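Everything on this sheet refers to the single structure shown next.
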Amino acid sequence: MTEPIRVVVTGAAGQIAYSLVYSVCKGDIFGPNQPIVLLLLDITPMMGVLQGVVMELQDCAIPLVKDIVATDDPNVAFKDVDAAFMVGAMPRKDGMERKDLLKANVRIFKAQGQAIDKFAKKSVKVIVVGNPANTNACILSKYAPSIPKENFSCMTRLDQNRAQAQISLKLGVTSDKIKNVIIWGNHSSTQYPDVAHATVEIQGKVVPVADAIKDDNYLKNEFIKTVQQRGAEVIKARKLSSAMSAAKAAGDHMHDWFAGTQGDNWVSMGVISDGSYGVKAGLMFSYPVRIKNRNYSIVQGLSLSEFAQQKLDLTAAELDEELQAALAECAD
Ligand SMILES: NC(=O)c1ccc[n+]([C@@H]2O[C@H](COP(=O)([O-])OP(=O)(O)OC[C@H]3O[C@@H](n4cnc5c(N)ncnc54)[C@H](O)[C@@H]3O)[C@@H](O)[C@H]2O)c1
Ligand SMILES: O=C(O)C[C@H](O)C(=O)O
110 MTEPIRVVVT GAAGQIAYSL VYSVCKGDIF GPNQPIVLLL LDITPMMGVL
160 QGVVMELQDC AIPLVKDIVA TDDPNVAFKD VDAAFMVGAM PRKDGMERKD
210 LLKANVRIFK AQGQAIDKFA KKSVKVIVVG NPANTNACIL SKYAPSIPKE
260 NFSCMTRLDQ NRAQAQISLK LGVTSDKIKN VIIWGNHSST QYPDVAHATV
310 EIQGKVVPVA DAIKDDNYLK NEFIKTVQQR GAEVIKARKL SSAMSAAKAA
360 GDHMHDWFAG TQGDNWVSMG VISDGSYGVK AGLMFSYPVR IKNRNYSIVQ
410 GLSLSEFAQQ KLDLTAAELD EELQAALAEC AD
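Residue numbers for the sequence shown follow our numbering, so the first one is 110 and each next one is one higher.
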């Protein structure tokens with residue numbers, strides 16, 4: 110019998126978690142044979158709502174779930190965890206940029222970093238979803254110095270999925286036929302969705318996406334803007350930020366981290382920069398990565414056009430600025 114793994118979801122009474130916890134419990138992420146102990150963290154005023162989520166999870170009657178712990182105490186929530194979904198943070202409203210959330214959210218990640226440092230397994234794999242996700246992940250890692258920096262990541266998989274979806278709609282193929290789209294940089298409106306190395310399978314033949322689309326102007330303008338602004342468009346329409354698609358992307362990210370990427374294909378993840386592609390080391394930057402045995406490596410040697418290089422520089426500069434502001438906020 111496989112030992113259960115301990116999985117924490119923060120912001121567990123919120124809207125992303127409502128979709129995510131079901132996916133975790135039913136085996137979509139860690140596999141259909143992996144038992145789970147689920148730890149759910151939220152703030153004290155949300156404990157009543159969280160009890161409702163627990164009741165619903167119990168009523169799902171999923172055999173993989175060995176225990177559910179709902180708590181407002183980070184020291185309990187992070188105890189011996191193998192995987193952490195860091196969702197708990199304020200979402201933005203219409204008209205805001207994600208970095209406007211920095212003041213409200215970054216201290217949450219300082220405090221939770223300290224708790225992870227003390228209580229989580231040293232091998233824990235952490236994904237930050239709460240915005241501004243890249244910078245929050247940097248702060249989380251800074252305050253959990255006993256855990257390798259490579260164990261912290263932030264989510265840009267939603268942007269990758271959005272980019273694949275746009276190409277799939279344009280070409281009339283299903284999104285699984287599109288491989289190796291890249292999201293570079295910040296999960297913000299400066300991110301660079303890049304299809305220069307992406308391929309698509311059309312009627313059994315694999316061709317570069319650019320050759321299939323045959324519209325450089327679209328790829329350099331409308332496509333990039335649509336992906337960059339998709340979160341804001343969802344907020345405008347729903348009056349709430351994306352939740353179902355965010356939960357799906359968080360699951361995809363953690364699934365691939367545990368199960369590995371397929372063949373030579375890559376996925377995009379925000380990870381600590383080691384200086385690859387000229388990005389300042391120490392920033393949490395979204396790169397293409399391949400994953401094996403739960404370790405990722407940044408894909409090296411991809412050619413960058415002048416246009417692409419400018420986009421990378423812009424998003425890296427924004428991340429640097431955000432990080433300085435976050436460090437100042439956490440200073441006392
Ligand atoms: N990276 C991405 O692609 C992406 C996508 C969608 C949303 N997000 C972000 O995810 C975050 C959550 O979004 P949501 O729609 O679920 O928001 P939500 O408001 O529905 O839920 C957030 C939950 O976090 C809880 N929370 C607040 N402070 C906490 C703390 N200190 N500890 C534990 N829980 C705490 C709140 O009580 C609430 O229940 C937001 O910051 C949002 O902007 C990121
Ligand atoms: O856009 C937001 O604020 C929520 C999230 O980051 C998204 O991309 O949907």
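Where a beta carbon is used, it is the ideal one built from N, C-alpha and C, also for glycine. Note that the coordinates shown come from a computational prediction; the quantities given were computed from them, not determined experimentally.
Buried versus exposed, by CB contacts within 10 Å (16 or more), residue i
i              : result
cysteine 247   : buried
serine 414     : exposed
arginine 271   : buried
methionine 195 : buried
leucine 278    : exposed
aspartate 324  : exposed
glutamine 337  : buried
asparagine 240 : buried
glycine 410    : exposed
lysine 231     : exposed
Alpha-carbon spacing of residue i relative to residue j, whole angstroms
i              : j                 : result
glutamine 223  : valine 380        : 19 Å
lysine 251     : alanine 321       : 43 Å
alanine 359    : glycine 369       : 15 Å
methionine 264 : phenylalanine 367 : 15 Å
proline 254    : glutamate 310     : 44 Å
glutamate 438  : glutamate 331     : 36 Å
lysine 135     : proline 141       : 7 Å
valine 158     : serine 128        : 15 Å
valine 316     : isoleucine 217    : 45 Å
alanine 307    : isoleucine 276    : 10 Å
proline 172    : phenylalanine 261 : 30 Å
proline 302    : leucine 423       : 13 Å
valine 133     : aspartate 203     : 30 Å
lysine 227     : isoleucine 236    : 18 Å
glutamine 103  : valine 304        : A query on residue 103 cannot be resolved here, the shown segment of the chain reaching from 110 to 441 and no further.
glutamine 433  : proline 154       : 32 Å
methionine 156 : glutamine 269     : 34 Å
Proximal residues to residue i (C-beta, below 8 Å), its chain only, five neighbours per side dropped
i                 : result
valine 130        : Val118, Ala121, Leu147, Leu149, Val162, Leu166
asparagine 404    : Glu259
glutamine 312     : none
phenylalanine 416 : Lys329
Proximity below 8 Å, CB of residue i to CB of residue j
i              : j              : result
glutamate 431  : lysine 208     : yes
leucine 267    : threonine 244  : no
asparagine 374 : asparagine 289 : yes
alanine 468    : alanine 229    : Any property of residue 468 remains undetermined from this structure, which presents the chain solely from 110 to 441.
proline 183    : alanine 242    : no
serine 377     : isoleucine 292 : yes
alanine 233    : isoleucine 225 : According to the sequence displayed, residue 233 carries valine and not alanine. Result yes, Cβ atoms of valine 233 and isoleucine 225 sit closer than 8 Å.
alanine 440    : valine 215     : no
glutamate 206  : serine 297     : yes
aspartate 181  : isoleucine 152 : yes
Cβ neighbours of residue i in the same chain (closer than 6 Å, five flanking residues each side left out)
i             : result
serine 350    : Pro200, Ile344
arginine 115  : Val146, Asp189, Val190, Asp191
serine 407    : Note that residue 407 is isoleucine in the sequence shown, not serine. Result list for isoleucine 407: Ser385, Tyr396, Val398, in chain order.
valine 388    : Ser382, Phe394, Ala425
threonine 299 : Leu423, Thr424, Glu427
alanine 213   : Met199
For residue i: DSSP bridge partner residues
i              : result
glycine 294    : Ser395
tyrosine 405   : Ile400
leucine 148    : Val117, Val178
proline 469    : What the structure shows of the chain is the stretch from 110 to 441, and residue 469 is not part of that stretch, so it cannot be assessed.
proline 302    : Ile292
isoleucine 248 : Per DSSP, none; premise fails for isoleucine 248.
serine 377     : Pro397
methionine 195 : Val237
Close-in-space but distant-in-sequence residues of the same chain around residue i (CB under 7 Å, 5 per side omitted)
i             : result
alanine 390   : Ser382, Asp383, Gly384
glycine 340   : Ser350, Ser351
alanine 274   : Ser284
threonine 111 : Asn142, Gln143, Pro144
Contact with chain B by residue i, beta-carbon distance below 8 Å
i          : result
lysine 227 : Going by chain labels, chain B is absent from the structure shown, which holds only one protein chain.
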